[in-house]
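Take a look at the structure below.
6 protein chains.
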Amino acid sequence: MEYNKWVANLEVGDEIEGFYILKTAQIKTSNSGKPFLAGVAADRSGAVDVKCWDYAGPLGAQDEGTVIKLRGSVTEYRGALQVILSRLRLAQADDQYNLGELVPVAPMDVDAGWRELLDMVDGLGDGDYRAVCRKVLERYGERFRSIPGGKSMHHSFVSGLLMHTLYMARIAEQLAGVYPEVVDRDLLVAGTILHDVAKCDEFVISPLGLVTEYSTKGQLLGHLVMGAQAVAEAAKELGIPEEKSILLQHMLLSHHGEPEFGAAVRPMCAEAELLSMIDLIDSRMEIYKETMEETEVGTFSKRVFALDKKIYRHK
Amino acid sequence: MEYNKWVANLEVGDEIEGFYILKTAQIKTSNSGKPFLAGVAADRSGAVDVKCWDYAGPLGAQDEGTVIKLRGSVTEYRGALQVILSRLRLAQADDQYNLGELVPVAPMDVDAGWRELLDMVDGLGDGDYRAVCRKVLERYGERFRSIPGGKSMHHSFVSGLLMHTLYMARIAEQLAGVYPEVVDRDLLVAGTILHDVAKCDEFVISPLGLVTEYSTKGQLLGHLVMGAQAVAEAAKELGIPEEKSILLQHMLLSHHGEPEFGAAVRPMCAEAELLSMIDLIDSRMEIYKETMEETEVGTFSKRVFALDKKIYRHK
Amino acid sequence: MEYNKWVANLEVGDEIEGFYILKTAQIKTSNSGKPFLAGVAADRSGAVDVKCWDYAGPLGAQDEGTVIKLRGSVTEYRGALQVILSRLRLAQADDQYNLGELVPVAPMDVDAGWRELLDMVDGLGDGDYRAVCRKVLERYGERFRSIPGGKSMHHSFVSGLLMHTLYMARIAEQLAGVYPEVVDRDLLVAGTILHDVAKCDEFVISPLGLVTEYSTKGQLLGHLVMGAQAVAEAAKELGIPEEKSILLQHMLLSHHGEPEFGAAVRPMCAEAELLSMIDLIDSRMEIYKETMEETEVGTFSKRVFALDKKIYRHK
Amino acid sequence: MEYNKWVANLEVGDEIEGFYILKTAQIKTSNSGKPFLAGVAADRSGAVDVKCWDYAGPLGAQDEGTVIKLRGSVTEYRGALQVILSRLRLAQADDQYNLGELVPVAPMDVDAGWRELLDMVDGLGDGDYRAVCRKVLERYGERFRSIPGGKSMHHSFVSGLLMHTLYMARIAEQLAGVYPEVVDRDLLVAGTILHDVAKCDEFVISPLGLVTEYSTKGQLLGHLVMGAQAVAEAAKELGIPEEKSILLQHMLLSHHGEPEFGAAVRPMCAEAELLSMIDLIDSRMEIYKETMEETEVGTFSKRVFALDKKIYRHK
Amino acid sequence: MEYNKWVANLEVGDEIEGFYILKTAQIKTSNSGKPFLAGVAADRSGAVDVKCWDYAGPLGAQDEGTVIKLRGSVTEYRGALQVILSRLRLAQADDQYNLGELVPVAPMDVDAGWRELLDMVDGLGDGDYRAVCRKVLERYGERFRSIPGGKSMHHSFVSGLLMHTLYMARIAEQLAGVYPEVVDRDLLVAGTILHDVAKCDEFVISPLGLVTEYSTKGQLLGHLVMGAQAVAEAAKELGIPEEKSILLQHMLLSHHGEPEFGAAVRPMCAEAELLSMIDLIDSRMEIYKETMEETEVGTFSKRVFALDKKIYRHK
Amino acid sequence: MEYNKWVANLEVGDEIEGFYILKTAQIKTSNSGKPFLAGVAADRSGAVDVKCWDYAGPLGAQDEGTVIKLRGSVTEYRGALQVILSRLRLAQADDQYNLGELVPVAPMDVDAGWRELLDMVDGLGDGDYRAVCRKVLERYGERFRSIPGGKSMHHSFVSGLLMHTLYMARIAEQLAGVYPEVVDRDLLVAGTILHDVAKCDEFVISPLGLVTEYSTKGQLLGHLVMGAQAVAEAAKELGIPEEKSILLQHMLLSHHGEPEFGAAVRPMCAEAELLSMIDLIDSRMEIYKETMEETEVGTFSKRVFALDKKIYRHK
């Protein structure tokens, strides 16, 4: 019997026991008329199908997204692993388990990252952009620090949005140094820090901190437009010059680069153009990283949906 | 000598005198070293090249967009008409001319149209949508009533935006009657009335009331996003339910139908879908009308840029 | 035991008996070597999987598309309902069941709709267009009145083509009123009434009145070209002026709007342009309606294949 | 003084006299108020600008497309040759000139080509396809033999359609030999011979035999649909089996390959697929040939509009 | 009991025994905890699922792609045939079976085809192109003669590349005869013979001679670029004129026609243009042939992935 | 009289004398029959039309691209400046002028930039990549250091390729630091340094050092493929491991990102993906820079061809 074995390490024949997240659960009836539970269990390393024969409850669909304790044997069904459960129950108040091992979290020091980002805001030479950044971050603060960067494509772990934003802001500072005559460093860094901030309103976040779906508002308006509204409001309250407010809004509205990728308008100043390319760089590098982790050196990955191609891992 | 002859009726050999708009003007130097004025004069029926030999001023580029009095002979140059001017001067305070004959205006009773639109607002059953419409129209009122619908594609005449909006609102009411189970009539009509309202901020309007270019704000944010912000603000001040505010904003943000045509988001409710199609219908019908006026019955037009094709006039 | 319970209302645990359409049926062999029947049963409210264990006939694939009587228990299998049959037989001459409850039919008064359409034809002021409409409708009459508008996308119920055509003709009359200088009302209404008439030859209709597939001719020529040929023939026999015949043919040939949506030529007159947009409006509104019926208020639908997006139901 | 010098051979300084086609002509007024004629003269080798100073007629726009006699000096203006005329008049009944040297004609023995094509029809093993070909060719015969293949892209010379069709039919016979199990040789050859036959109705042909524009019918229906109607009528009169009529119509309707290139339906049988590719081959090879004639060996051509690229001539 | 029955002819109820290729094999565990083998067996006529209950080895995944002897009963599972095996073992040295009946091979006389291709090389009038062809064929010879033309789309059988190349070379010779002024016959034929030669390095070939996947080099460089490098090297060693080397390389680099279909550059000479169209013709005709073999006369095929449409078989 | 006045500073009325590049020149005949020279003169600040009346030589088209001495008066013609020349002659051996003021040169210290790039090569930790870089740079050295980066889009000045490559290499080093787990720094930097090296063979360079056109080889093969061949050859001679050679070649072949932008293959490893994005960043930032120099603060530029949009200059 192995305890809290990582899902990523399970093998046929393992006997396991421990705490996992119940991602989905359904009570069904077999052809022979008996009830059983079919679902998916997960920890931060991955997810696996589970079945519990002759089981009619009490656990079921109403418990999706919570932590359970289970015991079972690992088998294979249709080419995928499947854990046949002999026991399962909800985690209880006095259970000893580590939530951090169940929910995937950004692979970085989140506190340090958050401070680095705030320092970047403090370091903005332009007082107007600095004030807008502070006001908008105040409004979203805690959520901005903790929500994932997306649902499944990339950065879909706790504090993923912070990590994505931080990496992009670092690159923004580097590139502003390469093109000083072309780029207003403060506008570029401020736009980068705020570009995805309205994802806080676009996502629906589960109790465990992950994105389960998009909010109605998020789908009908989009985080680009919502972010621009947040900037417009902050700028109005602070009374900063209209051109700066418009430029910052423009950066948020155009950061997907082209209309077919979701941009409300195309980038029309150097900082907006750069922002859209920095966003592309960090998204793609994270996708490469996550894909390479699942690919052996010297081989090609499966087709990566978000890139519409296979990639090659050589190191 | 003919007075105030319509530009559309000029023919080689005409001797003319009268008031016209000086659309463009430049003082140049001929190969023989003498100064001359080259420009374009226009009335509401059309525009024509003008030249004044041996002329060094005082009129010039600084007078573009104003009314002048001119005298000249109509000739032809490189296949186009050209008026060789013998006299020209600025119109003066006591000159007798009809501005309405110089500036193209919507072919409708503007007052009646404006009242019809306000009546439609009053007729909205939903008090929230009615209140938002009133508040936004109050903010833009005079401008909304008088500005053109665009720079050159269609409805590019005084009160063109009103005419475009009114025709669309009539169709919106008709279609709401055809699909009562699918469509919320009040949302559809309210969204239609407000869909282009932010063109008031997107266009730069000349003293004569026409669109000369787009504002900086208009180009960096676009009238879809600016319109949605106006709705959001009005709704917030009025305290109407958030879902209604979001739905109205969604209609404005999506009314270009597809991202490649400028939509910030794709239409996701029936009213937004209809609005984008009604917009297409009224734009295209006006383009057909304007093109047919320049095409003989039984023939094809020249290629219409906005449609990317020729059209056939059969009636 | 419930009798003729609507498929849409079935729940796990129901014991049912009644008449349904056998949409598909196959005799298979289980791993244990025993024969069983697997298939799908349906009424006008929906469809459900059925299985009959230890069953080797006489019913099978040869009975697809006919009415059967069945008895069984509703269970769930892989997340979908499944009726385990204990009895099944073909419906017999003296059985009492209501065919109208099995086959989906247009939600309208078909007789009244048909008369309204014929009245529209009678109301055409242009005798030539009126005569062509009458002649073509005579040729297709009964079929035109009863066939569905399509196989599965929208209007895929009995008399769906009539309903689609009627709604479009109503809108055509409304829009002709909005744009009297641009549009020849008679041409627009005549073209609208005839635009899909050749679907009668394009579809293969099952005994129960639904579209099962496309005819060879339909696939190799398409209903646009076949419809234009029908108009050309009728016009030739009636001796109407060639231009009118060409214009009507042009409307049918171009009514899909753009080549990539199946138009044989692009619309080149105002009536053809409008027809293609009216077709889009009615197709989309019906898709919204059918999708909204399956979506709860305040939520988004599943991705709608024909629209390539999810839609939001707010009322 | 050189007589009837080829336009393609003109050089600055030449003094010329002879017969040419007056392609365009306009009487204009110079800045000094004097009338002059500006136009274009051509023979089968090319076209050149002409000007006649102090000329008010009698020749003018009404004489475009006719043969004139001219005398003049070759100069250069804005980088292009221009003939300054000292004399010009219409060609008269007793003038001695060779029309064949003025109008471009297919570089082949037209009579022999026409016989070869008729022999191919006679050689069709399938009596039905043979009969349809004969009937349709009878209907269009003389025109089919003499009209150009297009207005300007390729084969835009007298008998260009015959040449294009003949070359394609030769390739069709070759390929039918390569793929005997896949291709019905008679269907392929018949479809190839008839594929463009309705260009006879699509083009407006000038007195000199060239395409000046497209007919109303041609633009509203297109030669694909008109050709299919001609086949349908012929097949009906001859009473041949419906499937053969449909297949032949399908070949004509689909011969542009893809909807965006004008196909009414996509090719769905091997013969239609081949036909569309043979059409592409012969069009492109003729474009290469015509372009190579204007390009020096070892250099690249100008951008070829129809290919959207430059080509390299190496032999 | 039937021996070595063709997979294409299997029916439910058959008892079979014989030699087949084990295409895939996995040892799994059933819900009841017992091991079983699930896999696919094939001969040159097709492939079928197999299962062996209560089987833990010795055969398994490590034996994929080898020949086995099996015995079993044909049943149906989820609408597809499935052979329940009672016995299976690896083929042994002294077993009597015909490998030619297991592996699909080009339907042609491979020796004769190979000689025909070599004769074409010998027949090239241009000594430089002839020498390059010989040198490159020498390098790839045996592999070029035997590998398939692809993995699954078309020509995916032993010697498929040879068959594809040979058919294309025949067409190249025909077309060179139709366009002698435009086309350099030797360049066209040489380019055709070499166009796919680097597929020898792009594919990974299994012991049985089929393509199982693409090589790392093949995916990172592609057979167009690798083929051009092979030509460049051969040309350099032979010292032929640079222009000829560049033209031949250009033909290989551009033979996919357009960048979106994989061309490294677009075709810019007549021979390259023709080569890309000949490639299209032979690929499509082979797809039609393979699809027609699985389609009944008078019916439409299933959607063909490589053509993105259904096709009609009429003969 | 002003000497060597910058073309960018010319104004109507200036009398000038000095040395300029004769970019184009043609001897033409005026309507009055007299010869004149029409052409374009330029220095590193810009270009201007020139005319010399009553001039028949000796200078003419054969002197394009050389330095001349001229004297003339600046006038305006059709809205553009034009210098009417009173004198012109070729520059002579003993003339005193600064070639650097005539030919546009990269705005950087070229020697320092070159050393920086060589230092980056020396700093490559991987000996194989370092050796290949050295060998390829040796082969192209002088040309690589001096040729422009393109013909007109961006970096079209002397040493433009070096500047473009150097900026990109700096960014490559920065990004390698941000993504150490994903990116092989040496591969990324080596690929960046070599990515455009074959432009040395793709461009035809004029005596003054600018790109006048593309070489035949350059157009038929492209600098991506030629660069990969150079790498392949160098790697072969040096005997480095095949995988490294393939990866480097892959980076060059894919650096345009997508086939429609000219990539021979799509990027399939993280370094290739990054390289294509860094290339985009540096090209776009240079276009922004060059466009901003011609645009006033607070206004929009004209439409930038390479970006297909206008840009806004706010600083």
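If you read the sequences in order, they're chains W, V, F, P, L and H.
Residue numbers for the first sequence follow our numbering, beginning at 1 and rising by one.
Residue numbers for the second sequence follow our numbering, beginning at 1001 and rising by one.
Residue numbers for the third sequence follow our numbering, beginning at 2001 and rising by one.
Residue numbers for the fourth sequence follow our numbering, beginning at 3001 and rising by one.
Residue numbers for the fifth sequence follow our numbering, beginning at 4001 and rising by one.
Residue numbers for the sixth sequence follow our numbering, beginning at 5001 and rising by one.
Even glycine gets a Cβ: it sits at the ideal position worked out from N, Cα and C.
Could you tell me which residues DSSP puts in a beta bridge with residue i?
i	result
V/D1049	V/V1040 and V/Q1082
L/G3948	The structure shown does not extend to residue 3948 of chain L, since chain L spans only 4001 to 4315, so no value can be given for it.
V/I1205	V/V1211
With 16 as the cutoff for other CB atoms within 10 Å, does residue i come out buried or exposed?
i	result
P/P3259	buried
F/K2236	exposed
W/Q96	exposed
V/V1067	buried
W/C34	A small correction: the amino acid at residue 34 of chain W is Lys; Cys does not occupy that position in the sequence shown. Exposed, since its Cβ has fewer than 16 Cβ neighbours within 10 Å.
H/K5151	exposed
L/Q4026	exposed
P/G3141	exposed
H/V5225	buried
F/A2080	exposed
P/R3089	exposed
P/V3012	exposed
If the cut is a Cβ gap below 8 Å, which residues of chain H does residue i touch?
i	result
W/L280	M5277
P/F3300	T5216 and Q5219
For residue i, collect the residues of the same chain with a Cβ closer than 6 Å to its Cβ; drop the 5 residues on either side in sequence, then sort them by chain order.
i	result
W/A306	M153 and I287
F/R2313	M2292, T2295 and V2297
V/V1050	G1039, A1041, V1083 and L1085
P/H3255	H3195, L3275, S3276 and D3279
L/E4273	P4267
H/R5087	R5071
Check the Cβ of residue i against every Cβ in chain H and list those closer than 7 Å, keeping chain order.
i	result
L/Q4229	Q5229 and A5232
Going along chain F, which residues have a C-beta under 7 Å from residue i?
i	result
L/V4297	Simply none; closest approach about 12 Å.
Starting from residue i, find everything on chain V with Cβ-Cβ shorter than 8 Å and list it in chain order.
i	result
P/Q3082	Within 8 Å Cβ-Cβ: nothing; P/Q3082 doesn't reach chain V, min ~14 Å.
In chain P, what lies closer than 9 Å to residue i by C-beta?
i	result
L/I4311	P3267, M3268, C3269, A3270 and E3273
List, in chain order, every chain V residue whose beta-carbon is nearer than 9 Å to that of residue i.
i	result
F/M2292	E1181, V1182 and A1270
Which chain L residues sit within Cβ distance under 7 Å of residue i?
i	result
W/E76	K4028 and T4029
Is the region 2126-2146 of chain F touching the region 2182-2192 of chain F in the sense that three or more CB pairs, one from each, lie closer than 8 Å? yes
Sufficient close CB pairs (3 or more, under 8 Å) joining the region 5189-5206 of chain H to the region 5214-5231 of chain H: yes
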